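Mapped onto the numbering used here, the consecutive letters of the sequence shown carry residue numbers 36 to 166. Note that CB positions come from ideal geometry on N, CA and C, so glycine has one too. The structure presented is a predicted model; accordingly, all values stated were derived computationally and were not measured. Please read the structure below before turning to the comments.
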Amino acid sequence: MIPERFPGEIDALFCHNHNCPDYGLRKNGNLWFCGWSGKDEKIRMVYCKTCRKQFSERKGTVLSESRLPEEKVISILDHIREGCGTRATSRLLHVCKDTVTQYILKAGIHAKKAHDDLVSFSPSQQRNSNR
Ligand SMILES: [Zn+2]
Numbered sequence: 036m037i038p039e040r041f042p043g044e045i046d047a048l049f050c051h052n053h054n055c056p057d058y059g060l061r062k063n064g065n066l067w068f069c070g071w072s073g074k075d076e077k078i079r080m081v082y083c084k085t086c087r088k089q090f091s092e093r094k095g096t097v098l099s100e101s102r103l104p105e106e107k108v109i110s111i112l113d114h115i116r117e118g119c120g121t122r123a124t125s126r127l128l129h130v131c132k133d134t135v136t137q138y139i140l141k142a143g144i145h146a147k148k149a150h151d152d153l154v155s156f157s158p159s160q161q162r163n164s165n166r
């Protein structure tokens, strides 16, 4: 199969192989979409031409290794974000409360990593304590 490259979408991804020289680099030109996976083949596979490894476009996200449809996961997290409790979300969406808890945990871990990546700058000067 000939790898495909969609510039707008592929640029948001990066290689997840810790041993790859291009690990964690976005917009580096090393990634290509190379096929589909999942039950209905809706999940794109990504190929890194540097290390020659493949991974799912969902790797490193809340949807990684998810067995629920994407819309259901998003709905679970929407309910939680809007203040609906775990049990109420479970009842409304007809999923096990442990499933709701699992996605809350995954979303929290993902949010912490995103926060640490995006807000890693810390001012070198300390603030005046009078402020
Ligand atoms: Zn790589």
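| task | Note the first and the last residue of the continuous alpha helix (DSSP H) segment covering residue 153. | result | The residue labelled residue 153 in the question sits at position 118 within the sequence shown. Counting along the chain, the alpha helix (DSSP H) containing residue 153 begins and ends at 132–153.
| query | How many Å lie between residue 55 and residue 78 at the Cα? | reply | Taking the sequence shown and counting its residues from 1, the one referred to as residue 55 is at position 20. Taking the sequence shown and counting its residues from 1, the one referred to as residue 78 is at position 43. For residue 55 and residue 78, the distance between alpha carbons rounds to 23 Å.
| request: Pull every residue with its beta-carbon under 7 Å away from any heavy atom of ligand 1, and keep them in chain order. | output: 50, 52, 55, 57, 58, 65, 83, 85, 86 and 88
| So what's residue 87 in DSSP terms, helix, strand or just coil? | For the purposes of this step, residue 87 is identified with residue 52 of the sequence shown, where counting begins at 1. In the structure shown, the three-state DSSP call for residue 87 is coil.
| Residue ranges of each alpha helix (DSSP H) within the stretch 59–119, 4 or longer | 105–116
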